[in-house]
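Going by the working numbering, 134 is the number at position 129 of the sequence shown; the sequence numbering is gapless.
Heads up, the beta-carbon is just placed ideally off N, CA and C, and yes, glycines get one too.
Predicted model, so just to flag it, every value in this text is computed and none were measured.
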Amino acid sequence: MKRIEAMTVEHYLDELALPRFPGPASGSAAATTASTAAALLEMSYHVTKKTSHYVMPIDEADIKWVRHHCLELATEDMEALEKLVHVMKSNKQGPDDYEQALKHATDPLVAIVSESRLILNYAEKLLPICDQRALAELTGCQAFAKAAMEAAKVGVESNLHLLKDDIYIKEVANILHHD
Numbered sequence: 006m007k008r009i010e011a012m013t014v015e016h017y018l019d020e021l022a023l024p025r026f027p028g029p030a031s032g033s034a035a036a037t038t039a040s041t042a043a044a045l046l047e048m049s050y051h052v053t054k055k056t057s058h059y060v061m062p063i064d065e066a067d068i069k070w071v072r073h074h075c076l077e078l079a080t081e082d083m084e085a086l087e088k089l090v091h092v093m094k095s096n097k098q099g100p101d102d103y104e105q106a107l108k109h110a111t112d113p114l115v116a117i118v119s120e121s122r123l124i125l126n127y128a129e130k131l132l133p134i135c136d137q138r139a140l141a142e143l144t145g146c147q148a149f150a151k152a153a154m155e156a157a158k159v160g161v162e163s164n165l166h167l168l169k170d171d172i173y174i175k176e177v178a179n180i181l182h183h184d
């Protein structure tokens with residue numbers, strides 16, 4: 006399976022459109038949306054930094070790290086989905102294997118929620134000093150980050166209903182509802 010960052014946008018969208026599992030699905034779409042949000046944040050940061058006399062309230066390296074991490078999460082989501090599908094198709098796997106594979110498939114989604122929340126936090130810090138020329142991009146960043154977070158939450162909540170590990174469910178629920 007190809008890594009998301011190695012695909013052209015057109016190839017990725019073609020793969021996303023196929024009704025084939027494993028492959029990119031809503032988790033990788035949420036992750037690439039979060040990465041897009043981070044890229045818009047980064048653009049707003051650069052425009053603002055050029056014209057601002059203020060100390061920048063966020064660090065460019067942190068934004069870049071989040072952007073790249075979200076792309077990694079898109080690939081992790083595809084790989085975890087592949088393992089889950091393999092476990093589901095295998096007659097040799099037991100319920101514990103399914104539970105582990107489902108948790109493994111949930112973890113990237115939880116990370117997408119956390120990274121989207123971080124992007125929103127960074128955007129809020131930049132908003133008061135944002136250069137007017139980049140304001141539409143910054144508000145676009147916020148819209149993309151919210152969409153990514155909500156899409157990932159739907160996936161997490163779907164998976165949690167199928168799990169039996171109460172401790173894991175509580176830990177993940179705390180992360181989802183942390184504001």
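CYS146 and ARG138 have their C-alpha atoms some 14 Å from each other. The Cβ atoms of ILE124 and GLY32 do not sit closer than 8 Å to each other. Between the stretch 10-24 and the stretch 48-63, the count of Cβ pairs shorter than 8 Å is below three; the stretches do not touch. Secondary structure remark: continuous alpha helix (DSSP H) runs of at least 4 residues inside the stretch 25-83, in chain order: 31-56. DSSP places HIS109 inside the alpha helix (DSSP H), whose first and last residues are 100-131. Per DSSP, the continuous alpha helix (DSSP H) segment holding CYS146 begins and ends at 140-165. In this model, THR53 and THR13 are separated by some 30 Å (Cα to Cα). For the options ILE9, GLU142 and ASP101, the alpha carbon positioned closest to that of HIS73 is the one of ILE9. Spanning the alpha carbons of PRO62 and ASP112 requires a straight line of approximately 30 Å.
Under a 10 Å Cβ-count criterion, LEU167 is classified as exposed, with fewer than 16 other Cβ atoms of the shown protein chains found around its own Cβ. In this structure SER49 is buried. Its beta-carbon is surrounded by 16 or more other beta-carbon atoms within 10 angstroms.
The residue from LEU45, VAL90, ALA156 and ALA106 with its alpha-carbon nearest to that of THR144 is LEU45.
Pairing GLU142 with ALA39 gives a Cβ-Cβ distance that is not under 8 Å. Contact between LEU107 and ASN164 holds: their C-beta atoms lie close to 6 Å from each other, under 8 Å.
When secondary structure is reduced to three states using DSSP, ASP171 falls in the helix class.
Its chain contains LYS108 as the residues whose beta carbon lies nearer than 7 Å to that of TYR173, once the 5 sequence neighbours on both sides are disregarded; these appear in chain order.
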